[in-house]
Amino acid sequence: MIINLEFDTPLPAIEALCDRLSFMGFTTQLYHHDEQPIIMVLQGIDATIDQSAFSDLPYVKSVSFSNEKYKLVGRHLHSQPTKIKIGGHQIGGGPFVAMAGPCTIESEDQIHTIARLVASKGATILRGGAFKPRTSPYDFQGLGEPGLRFMRDAARANGMLSISEVMQTEEVDLLTEYVDILQVGARNMQNYSLLKRLGSCGKPVFLKRGLSATYHEFLSAAEYLLAHGNPEVILCERGVRTFETLSRNTLDIGAVPFLRELTHLPIVIDPSHACGRRTVVPALSYAAAAVQADGIMVEVHTDPDRSVSDAAQAITPETFEILMKKCNAIHEVMNAI
Ligand code: PEP
Ligand code: MN
35 MIINLEFDTP LPAIEALCDR LSFMGFTTQL YHHDEQPIIM VLQGIDATID
85 QSAFSDLPYV KSVSFSNEKY KLVGRHLHSQ PTKIKIGGHQ IGGGPFVAMA
135 GPCTIESEDQ IHTIARLVAS KGATILRGGA FKPRTSPYDF QGLGEPGLRF
185 MRDAARANGM LSISEVMQTE EVDLLTEYVD ILQVGARNMQ NYSLLKRLGS
235 CGKPVFLKRG LSATYHEFLS AAEYLLAHGN PEVILCERGV RTFETLSRNT
285 LDIGAVPFLR ELTHLPIVID PSHACGRRTV VPALSYAAAA VQADGIMVEV
335 HTDPDRSVSD AAQAITPETF EILMKKCNAI HEVMNAI
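Residue numbers (my numbering): 35 to 371.
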């Protein structure tokens, strides 16, 4: 349900209304749509509720029941794209953003070297896993906190932001302390306890699409984050599981235009996990720029064959440099015409 308030409703009156609704058992969030204050009632509404009980409240202009599935991530109240601003950086509705770095943080030296190289070639966000969701329990599981510290320092030394995966609710505080953006991996897209906890983590969340998640499931997972208080969410298409076995996953490039029609959130493509093969990563990155994704997340390593994880898809800093030049050129053309 959407409660449209008068334009000039004073803030204390809005707060009093929200308190009253909360006392009545409803969960609410306050929005401004073209400067008009709106109270979105998220929970506690059913069809038997008498609309006049709300329309008679002070400062209420009108009340409407919304059938929107995506109350908060949908475009109906938010026609402009969301721009996430962190320091001097912007994700969404601006420059083509590159998040680059190794699959796994392997050592202090490794992450500093890669950070310096990718930053010099146009990456503004340093990626690297310290808690790794590995298919086999015997594979390297990540450096944990020391790894996060190495990455934070490497990012800062090169004027970059940092992003790393959080796998469980117990790790949220630790990740929040070290990184600028918290990543939810594909395997955790529907971990609702984690999503609820991240709603109040105070940092942007990068939500990767589940291995076989539909757009509806993907957007509903994002809706959890917003409904629990976090409006700064970036969606990431990273390939879905299909019948093809040569490619690690299959990049669903159509996800970008489809999701754009439905949501105002920024959308990023991860070509590395989508294909799993370094020779294919550049072409998928160009496709990302051509469909006007807001950016890419790419795995880069100075010695790709020796990456402790995902070696087959790691590209060199030299390849990354060319890739960035072409992506920026495509981005420019797409915006100019
Ligand atoms: C990653 O980006 O490090 C990762 C594990 O990706 P995904 O969750 O998409 O498999
Ligand atoms: Mn990886």
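Ideal Cβ positions, reconstructed from N, Cα and C, are used throughout, including at glycine.
#### Entry: Buried or exposed by the 16-neighbour rule on C-beta atoms within 10 Å, applied to E278
Within the sequence shown, the letter at position 244 stands for residue 278. The Cβ neighbour count for E278, taken over all protein chains shown within 10 Å, is under 16; the residue is labelled exposed.
#### Entry: By C-beta, the residues closer than 5 Å to any heavy atom of the ligand MN, given in chain order
C137, D344
#### Entry: Proximal residues to A47 (C-beta, below 6 Å), its chain only, five neighbours per side dropped
Position 13 of the sequence shown, counting from 1, holds the residue named residue 47. Closer than 6 Å at the Cβ level, and outside the excluded window around A47, lie Y93.
### Query
Can you name, in chain order, every residue of its own chain whose Cβ lies under 7 Å from the Cβ of A189, other than the five neighbours on each side?
Translated into positions along the sequence shown, residue 189 becomes position 155. Excluding sequence neighbours, A189 sits near A149, L160, L195, S196.
### Task
With DSSP as the reference, label S400 as helix, strand or coil.
Only positions 35 to 371 of the chain appear in this structure, which leaves residue 400 out of reach.
### Task
May I have the straight-line CA-CA distance separating L208 from V200, to the nearest angstrom?
Locating residue 208 in the sequence shown gives position 174, where the first residue counts as 1. Locating residue 200 in the sequence shown gives position 166, where the first residue counts as 1. Cα-Cα distance, rounded: 9 Å.
### Message
Short of 6 Å in beta carbon distance, which residues of its chain neighbour I118, apart from the five on each side in sequence? Order them along the chain.
### Response
Here residue 118 corresponds to residue number 84 of the sequence shown, with the count starting at 1. So the qualifying residues of the chain are I125, G126, P238, E266.
#### Entry: C137, DSSP secondary structure in three states
Residue numbering aside, residue 137 sits at position 103 when the sequence shown is read from its first letter. Residue state, collapsed to three classes: coil.
### Task
Report back the beta-carbon spacing between L76 and A261 to the nearest angstrom; my notes put them in contact at under 8 Å.
Position 42 of the sequence shown, counted from the start, is the residue given in the question as residue 76. Position 227 of the sequence shown, counted from the start, is the residue given in the question as residue 261. Sure, about 6 Å apart at Cβ, within 8 Å.
### Query
According to DSSP, is R161 helix, strand or coil?
Within the sequence shown, the letter at position 127 stands for residue 161. Strand at R161.
### Task
Jot down the residue ranges of each uninterrupted beta strand (DSSP E) in the region 246-283, minimum 3 residues, whole runs only, in chain order.
267-271
### Task
Tell me, please, whether the region 103-119 touches the region 293-305 by the rule of three or more beta-carbon pairs shorter than 8 Å.
yes
### Query
Regarding K409 and the ligand PEP, is the C-beta to nearest heavy atom distance less than 6 Å?
This structure does not reach residue 409, given that the chain is present from 35 up to 371, and the question cannot be answered.
### Extent of the continuous beta strand (DSSP E) run through F240
Within the sequence shown, the letter at position 206 stands for residue 240. Residues 239-242.
#### Entry: Counted within 10 angstroms of its Cβ, other Cβ atoms place M358 as buried (16 or more) or exposed
For the purposes of this step, residue 358 is taken as residue 324 along the sequence shown, with counting starting at 1. It counts as buried.
### Message
In the DSSP assignment, the beta strand (DSSP E) including M74 goes from what residue to what residue?
### Response
As a working note, residue 74 is residue 40 in the sequence shown. Element bounds for M74: 70-77.
### Query
Taking 6 Å as the cut-off, is the CB of K126 close to at least one heavy atom of the ligand PEP?
Within the sequence shown, residue 126 is the residue found at index 92, counting from 1. Note that residue 126 is Gly in the sequence shown here, rather than Lys. It does not: the Cβ of G126 is nowhere closer than 6 Å to a heavy atom of the ligand PEP.
### Query
In chain order, what residues place their C-beta within less than 5 Å of a heavy atom belonging to the ligand PEP?
G163, G219, A220, K242, R272, H307
### Query
Since S132 contacts A157 with CB under 8 Å, what's their CB separation in whole angstroms?
Taking the sequence shown and counting its residues from 1, one reaches residue 132 at position 98. Taking the sequence shown and counting its residues from 1, one reaches residue 157 at position 123. The residue asked about is misnamed: residue 132 is Ala in this sequence, not Ser. Right, their Cβ atoms sit about 4 Å apart.
### Query
So the beta strand (DSSP E) Q175 belongs to, where does it begin and stop?
The residue labelled residue 175 in the question sits at position 141 within the sequence shown. No beta strand (DSSP E) holds Q175; DSSP gives it neither H nor E.
### Residue from A220, L229, I349, G193 whose Cα sits closest to the Cα of D214
As a first step, residue 214 is located in the sequence shown; it is residue number 180 there, counting from the start. When each option's Cα is compared against that of D214, the closest is G193.
### Query
What residues are listed by DSSP as bridge partners for G329?
Residue 329 sits at position 295 when you count from the first residue of the sequence shown. DSSP, once it has assigned bridges, lists V131, V302 as partnering G329.
### Classification of F41 by the beta-carbon crowding that lies within 10 angstroms, buried from 16 upward
The sequence position of residue 41 within the sequence shown is 7, counting from 1. Exposed.
### Task
Whole angstroms is fine: what's the gap from G128's alpha carbon to R312's?
Here residue 128 refers to the residue found at position 94 when the sequence shown is read from its first residue. Here residue 312 refers to the residue found at position 278 when the sequence shown is read from its first residue. G128 and R312: Cα-Cα distance of roughly 27 Å.
#### Entry: Where H67 sits in the DSSP three-state scheme
To locate residue 67, count along the sequence shown from 1; it is residue 33. Residue state, collapsed to three classes: strand.
### T350 in three-state terms, based on DSSP
In the sequence shown, counting from the first residue as 1, residue 350 sits at position 316. Residue state, collapsed to three classes: coil.
### Query
What are the residues that DSSP puts in a beta bridge with V94?
Translated into the one-based positions of the sequence shown, residue 94 becomes position 60. The partner list for V94 (beta bridge, DSSP) reads L39.
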